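Every number in my numbering is 351 more than the matching position in the sequence shown, counting from 1. Quick reminder that beta carbons are idealized off the backbone N, C-alpha and C, glycines included. Fair warning: this is a prediction, and the values are worked out from it, not measured in the lab.
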Amino acid sequence: MTNKNVAWSHSALNTFRTCPKKYWHEKIKKDVPFTESDASRYGKEVHKAFELYIAKGTKLPFGLKQYTPYLEKFKTAKGQKLVEQRIAVTREFLPTGYFDKDVWFRGQADLIILHGAHAVVVDWKTGKYKNDFDQLDLMAAGVFCLDPDIQTIDAMFWWTQGREHTMKSYNREDAKDIWGRFIPIVKRLELAVSTTDFPATTNGLCKKWCAVKSCPYQGA
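Written out as structure tokens, the structure is:
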């Protein structure tokens with residue numbers, strides 16, 4: 352199997368790093384069933400409600416009304432609001448279509464606020480508090496690629512459980528170093544795709560959280 356351009360995302364790359372065999376079955380062979388968890392379903396509902404509130408002013412449903420004053424700050428902030436904004440970048444770090452043949456990196460920002468040369472990038476988090484600055488780094492690097500006028504970015508996770516945020520700030524010069532950190536693992540992914548070599552790797556998800564039944568470590 353060959354593929355000159357392997358598109359990747361933060362979550363896909365995490366799957367590959369955790370277990371190449373799981374990546375193979377989920378992303379390429381696509382022979383494992385997807386079962387949506389209650390937590391995932393709730394997360395989608397929250398994201399949709401927040402999207403509609405900021406984009407259209409739709410009132411939050413009863414169970415989410417407590418977030419209204421927090422979202423109002425984002426809604427009324429100065430600048431252009433982009434909700435559920437897809438980010439697609441070529442190997443040359445240029446913007447492209449999300450499903451175009453030359454797409455290399457894909458991401459999605461729950462909210463982007465553009466104000467002159469500055470942008471705010473927000474990712475709503477409904478799960479347990481966990482900082483994954485790799486995700487923020489990639490979102491920031493992707494947004495820099497979308498608009499050459501953006502010089503600085505504040506990217507944040509906004510945690511619904513604690514109603515607080517964690518933030519990291521970036522300058523345009525940071526993008527080169529961010530991409531450079533991920534290119535080695537992306538090259539490993541590209542080699543695996545070209546050789547169809549996706550070995551199983553035992554990890555903490557094997558016992559209860561992996562649906563790849565053909566894996567020798569499944570349930571271990």
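At the level of alpha carbons, what is the spacing between residue i and residue j?
i    : j    : result
F385 : K372 : 16 Å
W510 : Q436 : 19 Å
F444 : F508 : 24 Å
L542 : K479 : 34 Å
D485 : L364 : 11 Å
Q512 : T477 : 6 Å
I536 : A390 : 29 Å
K395 : A406 : 16 Å
L465 : G493 : 14 Å
D496 : L462 : The question names Asp, but residue 496 is Cys in the sequence shown. Each residue's Cα considered, the two are about 16 Å apart.
Y374 : L487 : 22 Å
L540 : V357 : 8 Å
G570 : V383 : 15 Å
Counting only C-beta atoms, is residue i closer than 8 Å to chain C at any point?
i    : result
I529 : Looking at the structure shown, chain C is missing, and only one protein chain is on hand.
Thinking residue i and residue j are a contact (beta carbons under 8 Å), I'd like their distance in whole angstroms, please.
i    : j    : result
G531 : L489 : The Cβ separation is near 12 Å, so there is no contact.
Y404 : K432 : With a Cβ gap of about 11 Å, Y404 and K432 do not count as contacting.
N482 : T517 : 6 Å
I447 : A439 : In the sequence as displayed, the identity of residue 447 is Thr instead of Ile. Between A439 and T447 the Cβ distance is about 5 Å, and since that is below 8 Å, they are a contact.
DSSP three-state label for residue i, please.
i    : result
Y480 : coil
S545 : helix
Q486 : helix
S520 : strand
Q459 : strand
P446 : strand
Q512 : coil
Considering only their Cβ atoms, is the gap separating residue j from residue i smaller than 8 Å?
i    : j    : result
H376 : V563 : yes
P412 : A428 : no
A551 : C370 : yes
Y421 : R514 : yes
S520 : T503 : yes
W359 : F456 : yes
L415 : V397 : yes
State whether the segment 459-476 contacts the segment 495-509, with contact taken as three or more CB pairs (one from each stretch) at a distance under 8 Å. yes
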